[in-house]
Structure formats: C-alpha cells, structure tokens
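The letter at position 117 of the sequence shown is residue 117 when you use full-length UniProt numbering, and the numbering goes up by one with no holes.
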Amino acid sequence: MLGTLIKELRQGKFSQRELAALLGVSHSYISKIENAEEINLSDELLSKLSEALNCELEILYLAAQRIPPEWLNCYDLTKGSVYNAIRSKLNTHTHIPMRFNEYNLIYDAFEQSKFGYAIVAIDDEKTIFASKSFLKFLDYHDASLPEVFRLLPGLSNILNQYAFNGEYRHCILPMELETTLCFVEFFAHRFESNDVRYALLEIISVHSDIESLNYMVGSDYCLSQAFENMKLGILIMKARPENNTHRILNCNKYVCELLDYSLDEMIKQKMVLADIEYQTEAQLVRQSLIHENKSLHFTSIFLKHGGDIVPVEIFAHIFETRHAKGLIYIIRAFQDPQ
C-alpha cells in the first residue's frame with residue numbers, strides 16, 4: 001500500500017530518478033518501494049518523503065502499516081485506551097490499511113471482555129497494553145498506564161518459571177495497591193516477537209474479602225492446585241504391609257494420564273498397587289525395605305489400562321495418619337520406554 005501511495009503522489013511531479021535524488025537513495029530503491037519489494041522504511045526516509053511529496057507524515061506511517069509514533073504519546077487513559085485514540089484518528093483518514101480495520105475487532109474484544117487482559121514485556125518488566133476490563137478488575141483509576149509488575153508482586157518469577165510457550169498456567173498472586181491487599185487468579189501465556197519475550201495475562205477473578213482470602217491462601221486449596229498440576233505423578237495408598245495389598249486412595253492427573261485410567265476407576269473400583277505395578281519378587285523385597293526404612297528410591301514397571309508397560313522412577317515414602325499408615329509414590333515416567 002505504501003508503494004502505491006508514493007507512486008500516486010509522485011506522478012506528475014517527479015520521475016523515480018528525480019525522487020531518488022531528492023531522498024538521497026538509488027533509483028532502484030524507489031522502484032522496489034513502489035513494487036512492494038521494500039516497505040521497511042526508516043523514520044528519517046519517511047520524513048523526507050513527507051516533505052518531498054507534500055503528504056502528511058502520519059499518512060505515510062499508516063500506509064506502511066505502522067502506528068505514527070506521536071500517536072502513542074497523545075492520549076488520556078481516563079477516556080479509554082490508546083487503541084481507542086488510534087481508532088478515532090484513523091477515522092479521519094482515507095488511506096487506512098485493512099490491517100488496522102482488522103485490529104479494531106481485536107481491540108473491541110479485549111476492551112469489552114468479561115476477563116481482564118494485559119500484555120507485558122517479561123525481561124524489561126514493562127506493561128505494553130492493559131484493557132479497560134483489566135483496569136476495572138484491579139480497581140485502577142490512575143491517569144497513567146499501570147505497571148502490572150508493581151501491582152502484582154512476584155509476577156516476574158511466575159512468568160519466567162511457569163508460563164511456558166503455547167501453554168496456559170493458572171497462578172495466584174497477591175495484588176498491592178495503596179489501601180488494599182487482594183489475591184488475583186489469572187492465566188499467563190508467554191510468547192515471543194522479534195526475540196523479545198512477552199506474556200498475555202488473563203485475569204479470572206480478584207478476591208479481597210476475608211472469606212475469599214482465607215479460601216485462596218488456605219492449605220487445602222493451595223495443596224489441591226499443586227497436587228493436580230504437578231509435572232510428576234502422585235499416588236497415595238493405604239499401606240497394608242501384612243499382605244502387600246496397598247489400596248489406592250488418591251492420585252493426580254499425571255498418574256491417570258500415564259496409566260489411561262480415570263480417577264473413578266483408580267479409586268471407586270478399589271484398585272490396589274498390585275493392579276498397576278508389575279509384580280516380581282524384587283517388588284516384594286522393595287516393599288519390605290520401604291516399610292523398614294520409611295522411604296526408598298527405585299525404578300519399576302507400571303501396567304497401563306490396555307496392558308502396555310511404562311518404566312518409571314519412584315520415590316516412595318511411608319507416612320503416619322491418625323488411624324493407619326499411608327504410602328505415597330512420587331512418580332516420573334522415563335521418556336524412552338526402551
């Protein structure tokens with residue numbers, strides 16, 4: 001689009017060679033621009049083109065599918081996001097790339113969503129974008145774009161460690177404002193652009209009342225989140241050393257997916273360790289050592305629902321309850337079955 005616009009503005013005024021001489025570039029470079037072979041023009045060259053062709057500089061930026069830099073510095077956040085300001089400016093111009101019209105749909109979706117969205121640069125800890133719904137979630141009314149890393153202490157660590165490429169992660173972080181302390185639940189999705197790491201944050205809910213805070217930081221809730229989302233298998237059994245029938249009491253998602261059983265099948269059908277661990281004499285010896293030493297690190301073979309085998313590494317521990325002994329397996333499947 002930029003090449004077409006330059007060609008239209010040039011005709012009747014300059015030849016390609018004459019325009020090239022004015023700009024201090026080669027004739028072939030002007031030809032490439034007009035044939036859409038070169039659109040990444042520098043700010044300096046766009047400024048020279050604006051003067052030579054008597055065209056508004058922002059028109060040239062739009063034709064090059066770029067946002068004019070001065071637009072980013074002239075908006076009032078209390079009246080809406082920077083994108084609302086950009087759209088209002090776009091409505092005053094005739095040379096608008098289709099790309100910006102497509103962006104309108106995206107901006108409207110972000111602004112009107114019932115969830116709150118923000119985009120942050122992870123390494124620089126800078127807020128790139130925050131939707132109105134995001135600011136409403138945080139009850140933020142300052143005239144400037146907030147630094148999300150300041151409002152959500154610990155966010156940098158979460159994004160660096162737990163927001164993986166292409167995957168969403170459910171996280172809980174405290175929120176710090178001048179007068180309140182809240183807890184925020186959100187998803188974090190990390191992505192890269194031009195070798196810069198960004199994260200898209202999607203706020204689900206914000207808890208500030210005492211009852212909710214107790215719920216959010218309560219051990220039951222936090223432990224259940226860790227239990228379900230752990231990248232290792234957790235298998236909890238009622239220990240029965242007398243007859244080696246360790247009944248399965250609970251397991252996490254990792255174990256169910258590893259063995260192709262549902263949680264109901266593992267628990268309600270009263271499965272025991274012997275149903276899933278390949279039985280050998282060595283296995284019986286290991287169970288004796290576990291009960292004698294209270295813990296043991298070993299390798300074993302599990303049987304999947306369909307009969308296939310899965311080699312695993314296990315950290316086994318005996319623990320005491322008020323009524324009986326329990327046995328917990330921390331499980332890691334080997335990547336290569338061979």
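Beta carbons are placed, not taken as given, at the ideal position from N, Cα and C, and that holds for glycine.
Hey, residue 272 and residue 299: beta-carbon distance below 8 Å or not? no
Name the residue from 301, 173, 185 and 193 whose alpha carbon lies nearest to the alpha carbon of residue 115. 185
In whole angstroms, give me the CA-to-CA distance for residue 327 and residue 316. 7 Å
Simplified DSSP state of residue 4, which is helix, strand or coil: helix
Runs of 3 residues minimum, wholly inside the stretch 106-140: which ones carry the beta strand (DSSP E) assignment? 116-121 and 126-130
Own chain partners of residue 266 with C-beta closer than 7 Å, once the 5 adjacent residues on each side are dropped: 248, 251 and 256
Could you spell out the range, first to last residue, of the alpha helix (DSSP H) harbouring residue 198? Where residue 198 is concerned, there is no enclosing alpha helix (DSSP H), although the beta strand (DSSP E) it sits in stretches over 196-207.
Cβ-Cβ distance between residue 261 and residue 305 below 8 Å: yes
Leaving out five residues on either side along the sequence, give the residues of the same chain with a beta carbon under 6 Å from the beta carbon of residue 132. 111
Pick from 44, 65, 288 and 311: whose alpha carbon is nearest that of residue 276? 311
Opening and closing residue of the beta strand (DSSP E) in which residue 67 lies: Per DSSP, residue 67 belongs to no beta strand (DSSP E) and is neither H nor E.
For residue 51, which of helix, strand or coil comes out of DSSP? helix
Runs of beta strand (DSSP E) wholly within the stretch 274-330 (minimum 3 residues, chain order): 295-303 and 309-320
By a C-beta neighbour count over all protein chains shown, 10 Å radius and 16 as the cutoff for buried, is residue 191 buried or exposed? exposed
Within 10 angstroms of its Cβ, does residue 146 collect 16 or more other Cβ (buried), or is it exposed? buried
Enumerate in chain order the residues of its own chain whose CB-to-CB distance from residue 159 is below 7 Å, with the five nearest sequence positions on each side excluded. 122, 188, 190 and 199
Could you tell me if residue 4 is buried or exposed, where buried requires 16 or more neighbouring beta carbons within 10 angstroms of its beta carbon? exposed
Among 254, 25 and 236, whose alpha-carbon lies nearest the alpha-carbon of residue 333? 254
Residue 183, DSSP secondary structure in three states: strand
For residue 246, name the three-state secondary structure that DSSP assigns. coil
Residue 330 and residue 232 closer than 8 Å at C-beta: yes
Can you tell which of 35, 325 and 197 has the C-alpha that lies nearest to the C-alpha of residue 237? 325
Using the C-alpha atoms, what's the distance from residue 60 back to residue 10? 13 Å
Expected contact under 8 Å - CB spacing of residue 27 and residue 20 to nearest Å: 5 Å
Close Cβ partners of residue 263 (< 6 Å) along its chain, the five nearest in sequence each way excluded: 256
According to DSSP, is residue 239 part of a helix, a strand, or is it coil? coil
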